[in-house]
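Before any comments, here is the structure.
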């Protein structure tokens, strides 16, 4: 029977970490029986391709939805957008303490935008924030109370309270040899590719000029896009480092700002050396690109190709007294 419910999708961890699995199972046990919720499970968002049943499930959801994942919310939102799962960003009260403290300091994004967006909200919750499943349950119930969405009961096949062993089988991801009911057991492999945050992207095309592996292109509305994501070199985030708006996200990178953390542009783009004319971020990006070019059997190009015009002068200028002063400061044993 149809009911006024909100859809909640849990995207599983890539890891077999027992703490991750325990949190997922605890949340699933609660939500499966919640009459306000239609609940489903998919593999890790970043690993889904366009043909996977998990992607098709997400695309089929007509109204607002909550997505629980092991990614920063900004990374999750734009990973979904890349797969055609669009919606307005839903505001959640579940945030890291430091983000709550700095919430008033964030400027509104000035990017080109994601194009036409359906009249619904997508709430992305980061499962790394809390170890207590009740924190997520309470936030989902708060969201569900605000959004009464008419949907089809996707979980009507479950009757009664599931046994622990049955739930465990349900939660097994396809790559572990099990599939949840209704899944086609398509295995997922770990992937590495850039995700564009169009709320920040200004379409400057610097990433297109800098990347020499054919990852980027331009879509039919002359907007920068990731065309050949499998051409991207695993572990290389060089294009993110040259983006002037921090609009390129690598959700699995260890550096928070590159992985999509909110409000951390300064920590990755601006440091003392940058303020005093240095080019550390650019130099690191060039080194990363050259390393991948050589690994591909191609010649390193250094600063000769694809350097943003706004940084070319800085990269090519001769050393001066300020550079010497900064080196002296770096060498001080403070």
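Residue numbers (our numbering): 18 to 351. Just so you know, even glycine gets a beta-carbon here, dropped at the ideal spot from N, CA and C. Note that the structure is a prediction, hence the values are computed from the model and not measured.
Where residue 140 is concerned, the enclosing beta strand (DSSP E) starts and stops at 138-143. A Cβ-Cβ separation of about 7 Å places residue 97 in contact with residue 75 under the 8 Å criterion. According to the DSSP assignment, residue 303 belongs to no beta strand (DSSP E) but to the alpha helix (DSSP H) extending over 297-312. Here residue 131 carries a coil assignment [DSSP, helix/strand/coil]. Put simply, of 228, 210, 219 and 25 the residue whose alpha carbon is nearest the alpha carbon of residue 266 is 210. Taking the C-beta atoms as reference points, residue 248 is found nearer than 7 Å to residue 230. The Cβ-Cβ distance between residue 144 and residue 87 falls below 7 Å. Taking the CA atoms as reference points, residue 161 sits about 31 Å from residue 129. Nearest C-alpha to residue 49 among 157, 107, 79 and 62: 157. Take residue 250, set aside five residues on each side of it, and the residues of its chain with a beta-carbon closer than 6 Å to its own are 309, in chain order. Here residue 221 is not near residue 264, since their CB atoms are 7 Å or more apart.
Cβ neighbours of residue 301 within its own chain (closer than 7 Å, five residues either side excluded): 258.
Measuring C-alpha to C-alpha distances from residue 113 to each of 148, 70, 323 and 317 identifies 148 as the nearest. Annotation: the continuous alpha helix (DSSP H) that includes residue 71 extends over 70-77.
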